[in-house]
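Just so you know, we're using our numbering here: the sequence shown kicks off at 21 and counts up by one.
By construction, the Cβ of each residue, glycine as well, lies at the ideal position given by its N, Cα and C atoms.
Keep in mind that this is a model prediction, so the values were computed, not measured.
The block underneath contains the structure these notes are about, expressed in structure tokens.
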Amino acid sequence: MVIVEHRADNSIAVQLLELTNVPAAQRPLRIELGVLGALGGGCRTACSAHAAYDDAGTQVHVIASVFAPEGGTAVNVKFAQPAGGDQAVVDKVAQSLRDGGAGTLLPPG
21 MVIVEHRADN SIAVQLLELT NVPAAQRPLR IELGVLGALG GGCRTACSAH
71 AAYDDAGTQV HVIASVFAPE GGTAVNVKFA QPAGGDQAVV DKVAQSLRDG
121 GAGTLLPPG
């Protein structure tokens, strides 16, 4: 998967990127970005999230981690649930990371 950031007012870029858009990739991407956002993270946050649906699209699996900026310490979670309610998945994963101590590894703010 490739993510391309572009200016919303660039209609040529929007049209070109729509040609390469894969709708099935949007749901997992929303979950991945949602977890980062729910943790208050950004581009420089030592955090990762990977979401994938099973072949039937009935189950979502998420693996997420928050890492200490200096290395050495990490909080990892694996999560699976029936598909549907992407925001609920985001909330559960983010809360599981916090419950595991991720808050102490995230930058203040």
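Exposed unless 16 or more other CB atoms sit within 10 angstroms - verdict on residue i
i: A44; result: exposed
i: E52; result: buried
i: L37; result: exposed
i: A69; result: buried
Beta-ladder partner(s) of residue i, from DSSP
i: A44; result: Beta-bridge pairing links A44 to no other residue.
i: K98; result: I83
Under 8 Å between C-beta atoms of residue i and residue j
i: V80; j: A103; result: yes
i: R50; j: Y73; result: no
Nearest candidate by alpha-carbon position, reference residue i, set the options
i: N96; options: A66, A76, D106, P128; result: A66
i: V86; options: A76, G61, Y73; result: G61
i: A122; options: N30, D29, A100, V55; result: V55
heavy atom of the ligand MG below 7 Å from residue i C-beta
i: K112; result: The ligand MG is not part of this structure, which contains no ligands at all.
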